[in-house]
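Working notes, beginning with the structure itself.
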Amino acid sequence: MTKFLTLLSGFALCVGGASVAGATPDKPINASMVGSGTGCFTQGANGVELFDPACSTFATVKLDREGNIQHYIYHDSAQLQDGQTAPDSAVVTPVSYVVFGLSCVGNSRITPTGAYTSNQVCTPL
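FYI, in this note's numbering the residues of the sequence shown are 671 to 795.
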């Protein structure tokens with residue numbers, strides 16, 4: 671959920687900034703917005719959650735004409751950090767939560783090499 675809040679805050683700033691700067695004439699006001707960046711939280715097989723500053727993130731958000739979120743999609747790719755344990759075999763953990771009136775589902779994956787990925791799709795309740 672920490673990832674969601676961080677990226678959604680960034681998109682909120684982008685949306686607010688876009689409305690001040692004006693919309694591009696050839697792009698509808700409710701077109702999907704795409705963002706990418708670095709830095710995310712990872713959780714090792716031992717349950718320890720740490721920040722990976724080199725993590726690559728990618729997200730899209732689509733609004734309706736009234737500015738309500740229609741969907742939010744998030745992906746990340748990271749490496750476990752010192753103090754986090756990699757599993758003996760790949761582990762996929764389901765993710766499910768509700769935030770800001772959105773229902774979010776997805777999963778996280780950890781491999782024995784310490785590779786960590788996660789994805790989430792959030793839609794209105």
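No residue lacks a Cβ here, since even glycine has one placed at the ideal position from N, Cα and C.
Item: Identity of the residues DSSP links to alanine 785 by a beta bridge; Value: Gln749
Item: Span separating the alpha-carbon of glutamine 749 from that of threonine 708; Value: 12 Å
Item: Contact check, isoleucine 780 vs valine 761, beta carbons under 7 Å; Value: yes
Item: Segment contact, 8 Å Cβ cut-off, at least three pairs: the region 735 to 754 with the region 776 to 792; Value: yes
Item: Proximity of asparagine 777 and arginine 735 at Cβ, strictly below 7 Å; Value: no
Item: Residues bridged to arginine 779 (per DSSP); Value: Val762, Thr787
Item: Pair within 7 Å by beta-carbon distance, threonine 727 and serine 702; Value: no
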